[in-house]
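Read the structure below first, then the notes.
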Amino acid sequence: MIHIITTGGTIEGLDYSEKNSQNQESKISIENFFRPANVSFSYTIESVLNKDSRSITDEDRQLLVDKIKATSAEKIVLTHGTFTMEDTAKYIGNLNLNKTIVLVGSFVLGTSNGTDAPFNLGYAICSVQFLKADVYVAMNGTIFHWKNVTKNLETNKFEQR
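6 is the number of the first residue of the sequence shown in the numbering used here; add one for each residue after it.
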């Protein structure tokens, strides 16, 4: 079973440029991406945060760690905004939780035409099933280890450090 933990972000169609964006409701659920794909793997979805990743604190990261520790699942996909995804990956990676954890997000709103959300999510789901226990970032067809990832703000892509 794959346990999916959501934190909000662009992948869920949240546009943080809107007024009062901090407390928006997700405009698309992760499950909406699975229905048309007719997936056959078993999964659970747990919504833990609903934040712009620029507002995620270490207390929020600890809450995510507590949720990861509490689940019996060994395979975790964590949806996350791209602004601080590498910070959360490092926070979790330093704890050696002995589970396979893949962070994923999108650069284009999950509700927009041309979004990268379904591809990135599908790539993360596939990856989590084959990777060894550790923490990774899956973005735009590439897997990055938590110790070796950075977001390039000029190209708007993740790359190896």
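Quick reminder that beta carbons are idealized off the backbone N, C-alpha and C, glycines included.
Short Cβ contact (7 Å threshold) for residue i with residue j
i: Trp151; j: Lys95; result: yes
i: Lys104; j: Ile7; result: no
i: Val142; j: Leu108; result: yes
i: Ser111; j: Ala122; result: yes
i: Thr116; j: Gly13; result: no
i: Glu91; j: Val154; result: yes
i: Gly98; j: Val140; result: yes
i: Ile61; j: Thr89; result: yes
Buried versus exposed, by CB contacts within 10 Å (16 or more), residue i
i: Asp20; result: exposed
i: Leu114; result: buried
i: Asp63; result: exposed
i: Thr49; result: exposed
i: Thr120; result: buried
i: Asn118; result: exposed
i: Asn157; result: exposed
i: Asn1; result: What is shown of the chain runs 6 to 166, which leaves residue 1 out entirely.
i: Lys137; result: exposed
i: Ala75; result: exposed
i: Ala78; result: buried
i: Ser47; result: exposed
i: Arg66; result: buried
i: Phe38; result: buried
Supposed contact pair residue j and residue i - C-beta distance, whole angstroms, cut 8 Å
i: Ile33; j: Val82; result: No, Ile33 and Val82 are not in contact; Cβ-Cβ is about 16 Å, not under 8 Å.
i: Ser58; j: Thr84; result: Between Thr84 and Ser58 the Cβ distance is about 10 Å, and since that is not below 8 Å, they are no contact.
i: Val53; j: Thr93; result: Incorrect: roughly 12 Å between the Cβ atoms, too far for contact.
Bridge partners - residue i, DSSP secondary structure assignment
i: Ala143; result: Ile148
i: Val109; result: Thr84
i: Ser45; result: Paired residues: none, contrary to the question.
i: Thr155; result: Glu164
Quiz item: With a cut-off of 8 Å, do at least 3 Cβ pairs link the region 128–147 to the region 159–166?
Solution: Judged by Cβ distances under 8 Å, the region 128–147 makes contact with the region 159–166, as three or more pairs qualify.
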